[in-house]
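Some notes on the structure that comes next.
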Amino acid sequence: MRPKNITLATLTLFTLFSLQVALAAISDPNAVVAEVNGQKITEGDLNLYILQRNLPAGGASPQQRAALIEEMINRAVIYQDAIALGVDKTPAIKAAIEFQRINIIASTMINRSSDRFNVTEAELKKEYDSRKGELGGTELKARHILLTTEKSAKDIIEKLNKGDDFAKLAGKHSTGPSAVNGGDLGWFKTDQMVKEFSDAAGKLTKGSYTKAPVNTQFGWHVILLEDKRSVDAPTFESIKEQIRVGLQGKMIEKYIGDLRNKATIKRN
16 MRPKNITLAT LTLFTLFSLQ VALAAISDPN AVVAEVNGQK ITEGDLNLYI LQRNLPAGGA
76 SPQQRAALIE EMINRAVIYQ DAIALGVDKT PAIKAAIEFQ RINIIASTMI NRSSDRFNVT
136 EAELKKEYDS RKGELGGTEL KARHILLTTE KSAKDIIEKL NKGDDFAKLA GKHSTGPSAV
196 NGGDLGWFKT DQMVKEFSDA AGKLTKGSYT KAPVNTQFGW HVILLEDKRS VDAPTFESIK
256 EQIRVGLQGK MIEKYIGDLR NKATIKRN
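Each position in the sequence shown, counted from 1, maps to that position plus 15 in this note's numbering.
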């Protein structure tokens, strides 16, 4: 069974890594920027707050920094008043705190295990080489007319055999969203389409159309191949980081999957 929320786990890994980098860049994260009734607000606290506000750590302007410190002071006085009133003792707040505690510890575990998710340059290159064919390859430019029945598709083919214009027929008869553009699908790779469609389109020569209706899960198609071209794969350097994220995601998926396989899981 594949574990759930792998994307979230991957994002958590890089989010926590960003927090670590941001804090490491502070000369003294323990330096106090404000104090509220003895509660200290440090440079580390401020930088975490800056990141939560989607501002670059250390990149806030002096005006933004001053405003954020005031916000944190406001937060501190509200927090202190809530504690005095016992808000933190209510069941709902306790449950929310425990929920966040679990999130933080689990996320930190992923981050602390980041060395096991390290990907070498050789592994990146190997993955690139194994996928180079699919990254490049052939692209097709086609139009299609989508019909609800095989008979209506055969009727369209008869009209094409008599010389009717494909784009005009698509605009008038196709039930697909491309009808407004005369059935134009633009350029696409074969793996972007359902297999039956790709197989039929790939067998056509430039300027020809299918002589028999093509059936897919969407209905019955008549396909016109307008052009075909070879596409070079992107360079290794241009997609190296994208490959790294994908491989690390698979490693995190395996890590979580192994833990799930060893766990006793019950669902009610």
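We treat Cβ as the ideally placed atom computed from N, Cα and C, and that holds for glycine. Values in this document were obtained by computation on a predicted structure and should not be read as measured data.
Under the three-state reduction of DSSP output, Lys243 falls in the strand class. Secondary-structure assignment with DSSP links Lys204 through a beta bridge to Glu154. Residue burial is scored here from C-beta neighbours: Leu155 has at least 16 other C-beta atoms within 10 angstroms and is therefore classed as buried. Straight-line measurement puts the Cα of Gln207 at about 16 Å from the Cα of Leu240. Burial state of Phe132 is buried, judged by a 10 Å Cβ sphere holding 16 or more other Cβ atoms. Of the residues assessed, Pro192 falls on the exposed side of the cut-off, its CB having fewer than 16 other CB atoms within 10 angstroms. The shortest CA-to-CA distance from Gly148 to any of Ile280, Pro228 and Thr205 is the one to Thr205. Per DSSP, the continuous alpha helix (DSSP H) segment holding Ile254 begins and ends at Phe251 to Lys277.
Close CB contacts of Gly217 within its chain, under the 6 Å cut and outside five residues either way in sequence, are with Thr205 (chain order).
Taking the CA atoms as reference points, Leu262 sits about 27 Å from Ile280. Gly234 carries a strand assignment under DSSP once its states are collapsed to helix, strand and coil.
The Cβ atoms of Ile238 and Ala157 lie closer than 8 Å to each other.
Under the criterion of beta carbons closer than 8 Å, His188 and Ile171 qualify as touching, at roughly 6 Å. In the DSSP assignment, Val92 falls within the unbroken alpha helix (DSSP H) covering Pro77 to Ala99. Rounded to whole angstroms, Glu268 and Asp199 show a C-alpha spacing of 39 Å. Proximity of the segment 245–264 to the segment 135–152 meets the contact definition, three or more beta-carbon pairs being nearer than 8 Å.
For Val229, the beta-bridge partners assigned by DSSP are His236.
Secondary-structure assignment with DSSP links Lys55 through a beta bridge to Glu50. DSSP places Asp180 in the coil class of the three-state scheme, outside both helix and strand. Remark: three or more beta-carbon pairs, one from each stretch, lie closer than 8 Å, so the segment 88–102 and the segment 44–54 are flagged as touching. C-alpha of Asn45 to C-alpha of Asp60: approximately 9 Å in a straight line. In the DSSP assignment, Tyr64 is bridged to no other residue.
Per DSSP, the beta-bridge partners of Ile160 are Val237.
Looking at Gln232, Arg259, Ala227 and Gln79, the one whose alpha-carbon comes closest to that of Ser167 is Ala227.
In summary, Leu184 is buried, with 16 or more beta-carbon neighbours lying within 10 Å of its beta-carbon over all protein chains present.
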